[in-house]
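Below is one structure, written out as structure tokens; the observations come after it.
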Amino acid sequence: MNETQELLLIGPFSQLLTMDQLPLKGAIKDEQLIIIPNAGILINGNTISEIGIFDDLKKSRNPNTSVYEIGENTVALPGFIDAHTHICFGGSRANDFAARNGGKSYQEIAAAGGGIWSTVNHTRQYAEADLTDAMTGRIHAMLKQGITTIEVKSGYGLNTENEIKMLRAIKSANEKTPADLIATCLAAHIIPKDFNGGEREYLDYILREILPVIKEDKLCNRFDIFIEENAFSTDHSSRYLQALKDHGMELTVHGDQFTTGGSKVAVECGALSVDHLEVSTEKEIDLIAKSNTIATALPGASLGLGCAFTPCRKLLDAGASLAIASDWNPGSAPMGQLLTQAAILSSFEKLSMAEVFAGITFRAARALNLKDRGIIRPGLKADITMFETPNCKEILYQQGSMKVSHCMKNGVMLF
Ligand code: NIG
Ligand code: FE
């Protein structure tokens, strides 16, 4: 270790949940968790340098080490990762929510001019800087929840000018906030009502017009598509995803939300994740479990739409890897409270605490192809989320009402 470098020792933690040495796929029992009592974490710049017993690390520290003593009874976990959001948007869909609860379906509302298209109309009216500002507020709300890495999709622009505007807004929000934002192009959200052509023509338009600008300006290296009736069919989606793969893009899919079909396309294209899966049956579960594609549950969308939860227990028992994300968006998932949603999901789907924390740490990292975070281990990013409690089981038990006491991002204590 370089003697002149500034080191920081934090602790003592009553429990340090490293989330290390756990399987990427399948069920996890709480007994498999490594929980270090009286723990300390030594940080070198933005990286974890050592973990161990706080008093030992304190005694053996070198003179350049500052010590940040945390109050007694604090639990430390890897910074949370929300692997699926649509937080770049303008406007509100409170009217859609009321209409749904008045008996109209998500698809009926969309067909009547509400739904995704109404958010497109609002988002198109926002200047890039205003979108960045709107997002910044949401990002700070997420940092307060201990979420230090956030995937953000475009998909409310649906033409070159506005999709690129959204991706640029995401890029500047990434520069202006401490969170790491991972941008994904969701130009294939729906076929825009003002596009002159069908599904094939619109997907070709994205490949021909939007993709080159994204590549040129390095705006993102991930693409998503909504495979669904009234969005994109499996055949056209396969062709589109394959073309993107040939361009070196990473893939993720909105699949099996209202009808099945999307998950099969996702697995066949080698997508990093397939998200939603509320209507997946044994057949789809089996296919996903045999693949390396992460299943991402979005309990916020089930709560927002009043639909069934993703069959998480079955997916895990079949051997799939499960991430849990908020899907924060103005339509189906307006809540934006990942921990609350994950805790509620765990009660309905009978998930262990270990499976829930895995879903918002290292398994979520894998859904984003990030290998440098999601675990508290020397050499990985110093992203750490802390709760003032002696017992980690209190966190999910309190269903999100226990607030994060401290949050460190890239070695910097944010609060
Ligand atoms: O993940 N299912 C499609 N897309 C989003 C909803 C977006 C919206 O309603 O604005 C979702 O639920
Ligand atoms: Fe979504």
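Per numbering that gives the first Met the number 0, the very first residue in the sequence shown carries number 0; after that it's consecutive.
Glycine included, every Cβ here is placed at the ideal spot set by N, Cα and C.
One or two residues paired with residue i in a DSSP bridge
i, result
"I181", "E150"
"S65", "L7"
"D274", "H253, T295"
"M407", "I383, M412"
"F231", "I226"
"P77", "I383"
"I441", "Nothing about residue 441 can be reported from this structure: the residues present for the chain run from 0 to 414 only."
"I35", "L15"
"L304", "Beta-bridge pairing links L304 to no other residue."
"A357", "A357 is not bridged to any residue."
"I42", "L7, I47"
Reference residue i; option with closest CA among the options
i, options, result
"N195", "N158, L180, G113, I323", "N158"
"I35", "N72, N43, P22", "N72"
"R123", "W327, G101, F96, G89", "G89"
"G469", "G399, E277, G25, A324", "In the structure as shown, the chain begins at 0 and stops at 414. Residue 469 is therefore absent and cannot be evaluated."
"A128", "L166, V151, G114", "L166"
"G299", "H275, N368, N161", "H275"
"G318", "L23, V403, L8", "L23"
"A265", "L130, I383, I226", "I226"
"I361", "F12, L21, L56", "Note that residue 361 is Phe in the sequence shown here, rather than Ile. The candidate whose alpha carbon is nearest that of F361 is L21."
"F414", "G10, N291, L142", "L142"
"E198", "K164, H235, V212, L218", "H235"
"G78", "C406, A242, V411", "C406"
"E200", "I146, P211, F231, K214", "F231"
"S65", "F96, L206, G10", "G10"
"G303", "I205, P333, A324, K164", "P333"
"E435", "K313, D371, S290", "In the structure as shown, the chain begins at 0 and stops at 414. Residue 435 is therefore absent and cannot be evaluated."
"L210", "C311, R137, E160, D179", "E160"
"G112", "N94, G101, G102, N100", "N94"
"H246", "T233, V252, V212, F257", "V212"
Spatial neighbours of residue i in its chain, beta-carbon cut-off 7 Å, leaving aside the 5 residues before and after
i, result
"L395", "A342, S345, M352, V355"
"L32", "L16, A353"
"M401", "F386, T388, E393, I394"
"A366", "A82, L271, S272, I293, T295, A322"
"E150", "D81, A82, H83, T84, I181, T183, L367"
"S404", "T73, M385, F386, E387"
"S262", "G254, D255, V273, L276, S279, E283, L286, I287"
"A357", "M18, L21, I27"
"G399", "Q336, L338, T339, A342"
"M248", "N220, R221, F222"
"E208", "T159"
Three-state class that DSSP yields for residue i in the structure shown
i, result
"L16", "strand"
"C219", "coil"
"E49", "strand"
"L240", "helix"
"T339", "helix"
"M0", "With a pLDDT of 45 at M0, under the threshold of 50, the modelled position of this residue cannot be trusted; read the value that follows with caution. Correct three-state label for M0: coil."
"I27", "coil"
"A319", "coil"
"A187", "strand"
"P377", "coil"
"S194", "The amino acid at residue 194 is misidentified as Ser; the sequence shows Phe. Three-state result, F194: coil."
"T118", "helix"
"G102", "coil"
"L369", "coil"
"Y125", "coil"
"T259", "coil"
"T84", "coil"
"N173", "helix"
"M401", "coil"
"K58", "helix"
"D95", "helix"
"Y396", "helix"
"S351", "coil"
"G113", "coil"
Neighbourhood of residue i by C-beta distance below 6 Å, restricted to the same chain and skipping five residues each side
i, result
"R92", "P329, G330"
"M0", "Here the model assigns M0 a pLDDT of 45, short of 50, so the residue's position is not dependable, and the following value carries that caveat. Cβ within range, chain order: n/a, list empty."
"L240", "L250, C268"
"K131", "For the sequence presented, residue 131 should be read as Thr rather than Lys. Within the same chain, T131 has close Cβ partners A168, S171, A172."
"T415", "Since the displayed the chain opens at 0 and closes at 414, residue 415 lies outside it and no answer follows."
"W327", "T84, I86, G335"
"L185", "K152, S153, G154, D223"
"K408", "T147, P177, D382"
"Y125", "G89"
Other residues of its chain near residue i: CB distance less than 8 Å, five sequence neighbours each side excluded
i, result
"N229", "Q106, A109, A110, I189"
"S48", "M0, L6, L41, I42, P377"
"K28", "S351, A353"
"D285", "A317"
"G70", "E387, S404"
"L243", "L206, L210, F222, L250"
Proximity test, residue i beta-carbon vs ligand 4 heavy atom, cut-off 7 Å
i, result
"N368", "Only ligand 1 and ligand 2 can be found as ligands here, which leaves ligand 4 out of the picture."
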